[in-house]
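Please read the structure below before turning to the comments.
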Amino acid sequence: MSTVIHPSTGPATGASRTGAPRTFSVAQLGKALPGAFRKLDPREMWHNPVMFLVEVGAALTTLIAIVQPFVPADDGTQATSLAFTWAIAVWLWLTVLFANLAESVAEGRGKAQAATLRATRTSTMASRVVDYDAAADPSALRATTSQVASADLRLGDVVVVVAGDLIPGDGDIIDGIASIDESAITGESAPVVRESGGDRSAVTGGTRVLSDRVVVRITSKPGETFVDRMIRLVEGASRQKTPNEIALNILLASLSIIFVIVVLTLGPIAGYSNAAPSIAVMVALLVCLIPTTIGALLSAIGIAGMDRLVQHNVLAMSGRAVEAAGDVTTLLMDKTGTITYGNRRASEFRALAGVDALALRDAAALSSLSDPTPEGKSIVDLAEQEGFRRPSSIDGEVVPFTAQTRMSGIDFSDGRQIRKGAGSAVIAWARETGTAGSSLFDEVQESTDRIGSLGGTPLVVATKQPGEPAEILGVVYLKDVVKEGIATRFAELRAMGIRTVMVTGDNPLTAKAIAAEAGVDDYLAEATPEDKLALIRREQEGGSLVAMTGDGTNDAPALAQADVGVAMNTGTSAAKEAGNMVDLDSDPTKLIDIVAIGKQLLITRGALTTFSIANDVAKYFAIIPAMFSAVFPGLALLNIMGLHSPASAILSAVIFNAIIIVILIPLALRGVKYRPLSASRILNRNLLVYGLGGVIAPFIGIKLIDLVVSLIPGF
């Protein structure tokens, strides 16, 4: 029987989800304002020593402003002095409010995603297996169930979920296979397949089973599910300060204490000439000297780093993991799916001696037109690249691939036949005619052996005309193709001082060839889970910070040992529990992006710290001459900005100190643009851009503000 075959034009492509970053807007400021006011609570503020000191100064200045009208003035300038004191107090409170606003905006960026996640956390009914026996056959569990609320499920419970039902809690499939809609968690509309007995057995509560039936063992306690943890993390409720952040906080607190001592000693010094500055002026000086800019933005920078990971569909279990990603020096990456596509693809047609290369190309392509496998489609793609033209239809019958024949092909209506498959199978098919010479078979065997030694897969192509013996045309070379652009990305990592190691189960010869093509620095061939763990420990003993990806239970020890362990969401619960990050898209190549986000966090923190400290230098030139020019006339030479008066100079510096925080909030949330440079070049760039910029900006800003303040009577 003959059928008409219409060649496939390739798989349909669907819309893909893109994680476009959310923009910073005035609307976000408005929504975050109530939270900023709530954070004025001293019990909240004392966690940030720098801003707590500013709040104490604001409260003290406010108290002085309230009391001041009732204290007699000696020089008759009480009204002007009172206006100045109130102005200082108001802007000090605004400085604290703006700092809280930065943190509140950063936390608010996760509110929308948290609301979406909460919508998935609806209470559902679950079919819990009664008296489940772990030794029993899970496939036999059909009637021994009872209906309970998902909130009543406990760790270790076993539930049965059928098509159309929501999975009631996090767990592992112990029996069955099903198509599952995970769009509520990952944002990806395409369903995924989950099955028991492998590395794709983990399921998440709130996702929906679209087909078939599965038996799931619950692996999380109520309130500790994957969705619960995501909600807490994206809202910033469970974010803990990282070691570097704690160290920087201690440094900032130490600097603040030093400046407190310095300011307290300045009063008695100036008092010798009966021109001691007022307490309001002393507080203003202190606030402008301490590093308030970075103190205000430090928490927001950390929260924004985790938020950028969420935008890339990666859940970090702690801020420490994000920061560690920025310090990574060794990157372990699986070959399959990360460096290579995983599916072997046709890379070359190798015709035998005396055979027309075009005949081999066309025969291989025709036999693959209806082959649904990735290998078959890649053969057609390669042939079309070399000039093959796809016919509109073919009159013939497909011969599908089977494990028994290890061949596929096509039988045309006119009697022609094409076969494509394993070398031994095609040679056996050709031998049935009894006419082919052994020397030809030897040539085919030599070609397949050569391809096999390179780690490739050879497919032999043969054809047979009616009434004639079969003819072997040549071999199609299939290989695990290295992804486009991956070598460039590895070169960028090398420029950042990161060493890349490819981990594969292939033999050393194949591993060496792929490693050379991909441009990795080293490789580990024929790797076992124990080998991965040993490699990580060796790297760490040498002082390196290691990052790796994994999805299986056998990867759990290595993920736990690595400084940054990225588990795939499709993997087992053991892998996700062992890692400190989970990639919801299950894309191993995202590890490179995670490292870039971590480095961007560190660069942003360093850049704004540099800007903040440099900022103070210019503010000295505004406040110091204004405070002590009457005591030390020579200091007037330092008034290089030509500020209007001592009062306007001090107030302008305080106003600038507050406004610069608001101006830098978008940069803190967005992050300094990341470039793959070495640490020394990044440092030089930060010193030039943010160090020099931090010195110049206050000179311009304070002068412009002074021009406005000078228009106010009394200043």
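Residue numbers (UniProt numbering): 1 to 715. Using N, Cα and C, we set each Cβ at its ideal position, and we do this for glycine too.
{"Asked": "Return the chain-ordered list of same chain residues with a C-beta closer than 7 Å to the C-beta of S678, the five sequence neighbours on each side being excluded.", "Found": "A495, M496 and G497"}
{"Asked": "For V355, collect the residues of the same chain with a Cβ closer than 7 Å to its Cβ; drop the 5 residues on either side in sequence, then sort them by chain order.", "Found": "L473 and G474"}
{"Asked": "Return the Cβ separation of A253 and V96 in integer angstroms, given the expectation that the two are a contact with Cβ distance under 8 Å.", "Found": "Between V96 and A253 the Cβ distance is about 16 Å, and since that is not below 8 Å, they are no contact."}
{"Asked": "According to the neighbour-count rule (16 or more other Cβ atoms, all chains shown, within 10 Å of its Cβ), is T340 buried or exposed?", "Found": "buried"}
{"Asked": "If you follow the beta strand (DSSP E) that T145 is part of, which residue opens it and which one closes it?", "Found": "T145 to A149"}
{"Asked": "Considering only the beta carbon of each residue, do A564 and V262 sit closer than 7 Å?", "Found": "The question names Ala, but residue 564 in the sequence shown is Val. No; because the gap between Cβ atoms is not below 7 Å, this pair is not in contact."}
{"Asked": "Counting only beta-carbon separations shorter than 7 Å, does I712 have a partner in chain B?", "Found": "Going by chain labels, chain B is absent from the structure shown, which holds only one protein chain."}
{"Asked": "For R344, collect the residues of the same chain with a Cβ closer than 7 Å to its Cβ; drop the 5 residues on either side in sequence, then sort them by chain order.", "Found": "E375, T457, L478, K479 and D480"}
{"Asked": "Which of the three DSSP states is assigned to F401 in this structure?", "Found": "coil"}
{"Asked": "Are the CB atoms of T448 and G423 nearer to each other than 7 Å?", "Found": "yes"}
{"Asked": "From which residue to which residue does the beta strand (DSSP E) around R670 run?", "Found": "Note, R670: premise wrong, no beta strand (DSSP E); alpha helix (DSSP H) at P646 to R670."}
{"Asked": "Taking M641 and L332 to be in contact with their CB atoms under 8 Å, please state how far apart those CB atoms are, rounded to whole angstroms.", "Found": "About 54 Å separates the two Cβ atoms, so there is no contact after all."}
{"Asked": "I want to know whether the region 285-303 touches the region 606-619 - three or more CB-CB distances under 8 Å.", "Found": "yes"}
{"Asked": "Helix, strand or coil for Q417 per DSSP?", "Found": "strand"}
{"Asked": "Looking at the unbroken alpha helix (DSSP H) that takes in residue 723, where does it start and where does it end?", "Found": "What is shown of the chain runs 1 to 715, which leaves residue 723 out entirely."}
{"Asked": "So, are the CB atoms of P168 and L155 less than 7 Å apart?", "Found": "no"}
{"Asked": "Does DSSP put P458 in a helix, a strand or coil?", "Found": "strand"}
{"Asked": "Short check: CB of A614 to CB of V695, under 7 Å?", "Found": "yes"}
{"Asked": "Opposite M317 in the DSSP bridges: which residues?", "Found": "DSSP, once it has assigned bridges, lists no residue as partnering M317."}
{"Asked": "Which whole-angstrom value describes the C-beta separation of A102 and A668, a residue pair presumed to lie in contact below a C-beta threshold of 8 Å?", "Found": "6 Å"}
{"Asked": "Since R128 is in the beta strand (DSSP E), which residue starts that stretch and which ends it?", "Found": "M125 to V129"}
{"Asked": "So L493 packs on I597, CB below 8 Å; how close in whole Å?", "Found": "14 Å between Cβ atoms; not a contact."}
{"Asked": "Mind reading off the beta-carbon distance from N657 to T292? Whole number of angstroms is fine, and I expect it under 8 Å.", "Found": "6 Å"}
{"Asked": "Helix, strand or coil: how does DSSP classify S408 here?", "Found": "strand"}
{"Asked": "Let me check one thing: in DSSP terms, what residues is D442 bridge-paired to?", "Found": "For D442, which the question treats as bridged, DSSP gives no partner whatsoever."}
{"Asked": "Of the residues A525, T589 and H47, which one's Cα is nearest the Cα of I246?", "Found": "H47"}
{"Asked": "Under 7 Å between the Cβ atoms of D411 and E432?", "Found": "no"}
{"Asked": "Specify, as a first and last residue, the run of the alpha helix (DSSP H) that D330 falls within.", "Found": "Strictly speaking, residue 330 in this sequence is Thr, with Asp absent from that position. Per DSSP, T330 belongs to no alpha helix (DSSP H); it is in the beta strand (DSSP E), T330 to D334."}
{"Asked": "Pick helix, strand or coil for V54, following the three-state DSSP scheme.", "Found": "helix"}
{"Asked": "For Q465, does the count of other Cβ atoms within 10 angstroms reach 16, so buried, or fall short, so exposed?", "Found": "exposed"}
{"Asked": "If you draw a straight line from the alpha carbon of I659 to that of A65, how long is it in whole angstroms?", "Found": "22 Å"}
{"Asked": "Determine the burial state of T488: buried for a count of at least 16 other Cβ atoms within 10 Å of its Cβ, exposed for fewer.", "Found": "exposed"}
{"Asked": "Give the secondary structure of residue 729 by DSSP, where H, G and I count as helix, E and B as strand, and everything else as coil.", "Found": "Because the chain is modelled from 1 through 715, residue 729 falls outside the range shown and cannot be assessed."}
{"Asked": "Cα separation between A259 and L289?", "Found": "Sequence inspection shows Phe at residue 259; the Ala mentioned does not correspond to that position. The straight-line gap from Cα to Cα measures roughly 7 Å."}
{"Asked": "Among M317, S127, T504 and A516, which residue has its Cα nearest to the Cα of P529?", "Found": "T504"}
{"Asked": "Determine, using beta carbons only, whether V426 and V460 come nearer to each other than 7 Å.", "Found": "yes"}
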